[in-house]
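In UniProt numbering, the protein residues as written are 1 to 294.
Here it is, written out as structure tokens:
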């Protein structure tokens, strides 16, 4: 993977001598990588598939609950009709009883204790209400448990997807950092090779100048001056190479530190997003209330 370069994302803390080739590896740029885009699309499809499956489950439960309510209402209506058809006989029988009571003063009437339902209609309505309450409680529990289970499944899926995405971002960042370090070392190696080449050229040129100097009459004098110049150049060349090695080491240390900071920032962001997902899930659970759709 090529390093994600973005002039707007250059970290101002990077030394000026590194700015021309080393830029901050931005997480937003890593998300544009082909492998990450592909993974994101797969995750989106999986999440949408789960949501569709959950919707089918809710539709099925809703349909079943509505069927149960309709059945209860239908059964209640049938029972009410039966009670109504039988009430005519009860009414006539009741009238006959009243006539007997009128003719027989000794007949006693038992009071309705605690206003308990005694008439057929009252008993029927009471039983119907009890069944309806029980059905509502059952359906409320069933629907609420379904919603909680679906919320948990979506939360767990999102968490798994987030971990996979952050793992891929870590891999992409590591690859980009390795490439940056390889590019830096390649440049530093080139600088060292160029330095050695220039030093060799200087030694040859200095020796040539002495050999062509007409003011130096003897070969021994020329050899002596060449030797002195070579000794002087060796000291100077060694110092130049030492400074170049120090510079190379410093550049590598600076880039390594920058990479460590980038990795730490990525880890903090990953932990923050996972923590936010957990917090959102907890808030959803706290805000949820028992409910039914019928």
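Yeah, the Cβ is synthetic: ideal placement off N, Cα and C, and Gly gets one too.
For residue i, which residues of its own chain have a beta-carbon under 7 Å away from its beta-carbon, when the five flanking residues on both sides are left out?
{"i": "residue 203", "result": "230 and 233"}
{"i": "residue 195", "result": "240, 241 and 244"}
{"i": "residue 27", "result": "169, 266 and 269"}
{"i": "residue 273", "result": "162"}
{"i": "residue 237", "result": "199"}
{"i": "residue 131", "result": "72"}
{"i": "residue 108", "result": "Confidence in residue 108 is poor, its pLDDT being 41 and thus under 50, which makes the residue's placement too unreliable to answer from."}
{"i": "residue 113", "result": "With a pLDDT of 46 at residue 113, under the threshold of 50, the modelled position of that residue is not reliable, and no figure is offered here."}
In chain order, what residues of the same chain have a beta carbon less than 8 Å from the beta carbon of residue i, not counting five sequence neighbours either side?
{"i": "residue 285", "result": "148 and 151"}
{"i": "residue 51", "result": "154"}
{"i": "residue 257", "result": "none"}
{"i": "residue 135", "result": "68, 69 and 72"}
{"i": "residue 36", "result": "30, 165, 168, 169 and 172"}
{"i": "residue 157", "result": "46, 47 and 50"}
{"i": "residue 288", "result": "144, 147, 148 and 151"}
{"i": "residue 210", "result": "216, 222, 225, 226 and 229"}
{"i": "residue 110", "result": "Per-residue confidence for residue 110 stands at a pLDDT of 41, beneath the threshold of 50, marking its modelled position as unreliable; no derived number is given."}
Cutting at 6 Å between CB atoms, please list the residues of its own chain near residue i, excluding the five before and the five after it.
{"i": "residue 177", "result": "259"}
{"i": "residue 206", "result": "229"}
{"i": "residue 103", "result": "With a pLDDT of 45 at residue 103, under the threshold of 50, the modelled position of that residue is not reliable, and no figure is offered here."}
{"i": "residue 248", "result": "188"}
{"i": "residue 246", "result": "none"}
At least one CB of chain C closer than 8 Å to the CB of residue i: is that the case?
{"i": "residue 199", "result": "The chain labelled as chain C is not found in the depicted structure, where only one protein chain is given."}
Can we say the stretch 131-145 touches the stretch 218-238, given the rule of at least three CB pairs closer than 8 Å?
Between the stretch 131-145 and the stretch 218-238, the count of Cβ pairs shorter than 8 Å is below three; the stretches do not touch.
Does the structure place the stretch 166-185 close enough to the stretch 64-73 that three or more beta carbon pairs sit under 8 Å?
no
Can at least three beta-carbon pairs, one atom from the stretch 39-49 and one from the stretch 181-189, be found at a separation below 8 Å?
no
At what residue ranges does the stretch 186-238 contain a whole run of the beta strand (DSSP E), taking only runs of 3 or more?
Those beta strand (DSSP E) runs which fall completely within the stretch 186-238 and span 3+ residues do not exist here.
Could you pull out every unbroken alpha helix (DSSP H) segment of at least 4 residues lying fully inside the stretch 22-90, listed in chain order?
27-30
Would you mind listing the alpha helix (DSSP H) stretches within the stretch 155-188 that are 4+ residues and don't spill past its ends, in chain order?
Given a length threshold of 4 residues, the stretch 155-188 has no whole run of the alpha helix (DSSP H) inside it.
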